[in-house]
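**Student:**
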Amino acid sequence: MTKNFKSLTVSLGCVFGTLAAFAPAAHAAGALSAQDAWVRWLPNDLPAAGYVTLKNEGDQPVNLVGVSSDAYGMVMLHQTVSNGSTQKMVMVDKATVPAHGTLAIAPGGYHLMLEKAKHKIAPGDTVNVKLQFSDGETLETPFAVKSPSGQ
Ligand SMILES: [Cu+2]
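Letter by letter, the sequence shown follows residues -28 to -1, 1 to 123 in mature numbering (1 follows the signal peptide of the UniProt record, and there is no 0).
1. Can you tell me whether DSSP reads P15 as helix, strand or coil?
2. Whose beta carbon lies closer than 5 angstroms to any heavy atom of ligand 1, going through the chain in order?
3. Among the residues of its own chain, which have a CB less than 6 angstroms from the CB of S40, if the five just before and after it don't count?
4. Report the three-state DSSP secondary structure of Q51 (helix, strand or coil).
5. Nearest to V69 by alpha carbon, out of G22, S54 and L26?
6. Would A71 and Q32 qualify as a contact pair, given that the criterion is a beta-carbon distance under 8 angstroms?
7. Expressed to the nearest angstrom, what Euclidean distance is found between the alpha-carbon atoms of L49 and A76?
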């Protein structure tokens, strides 16, 4: 019995070793993490803005390439750009999280545009947003819904 158990352990170890050898090095089981995720809620069903800081502990830059949420019908990645004295926002299809660095999706830069709320959402709620990355990683991130002043 003891002998059989030992040989089973050895063969499992082999399988895991093989899988690890084929996994892309950059994936490293969760190089990415999300911090300080929050939504600036606006009244009257106005689009809300989502902010989050993304951290990449990997050796390769990774792009945020997709955003979606169960709570909103439409989620986009926007960037605020200034044209001389005016500011406008444009839709972008990706944002880069540098290797061993962070990307702040923060007021004045990038934001997530959250539109067409599927149910009533109010400050104090939490909404889940799915962030998809170019390395295949996905982060299901809870965003704290806050009032327009950020409280
Ligand atoms: Cu926007």
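C-beta: ideal position from N, C-alpha, C; glycine also.
**Tutor:** Put simply:
1. For the purposes of this step, residue 15 is taken as the residue at position 43 of the sequence shown. It is coil, neither helix nor strand.
2. H50, M61 and M85
3. Counting from one through the sequence shown, the residue named residue 40 turns up at place 68. Here the set comprises V47 and K102.
4. For the purposes of this step, residue 51 is taken as the residue at position 79 of the sequence shown. Strand at Q51.
5. Position 97 of the sequence shown, counting from 1, holds the residue named residue 69. For the residues G22, S54 and L26, the minimum Cα distance to V69 belongs to L26.
6. On the sequence shown, position 99 is the one that residue 71 refers to. On the sequence shown, position 60 is the one that residue 32 refers to. Contact: yes.
7. Within the sequence shown, the letter at position 77 stands for residue 49. Within the sequence shown, the letter at position 104 stands for residue 76. The straight-line gap from Cα to Cα measures roughly 13 angstroms.
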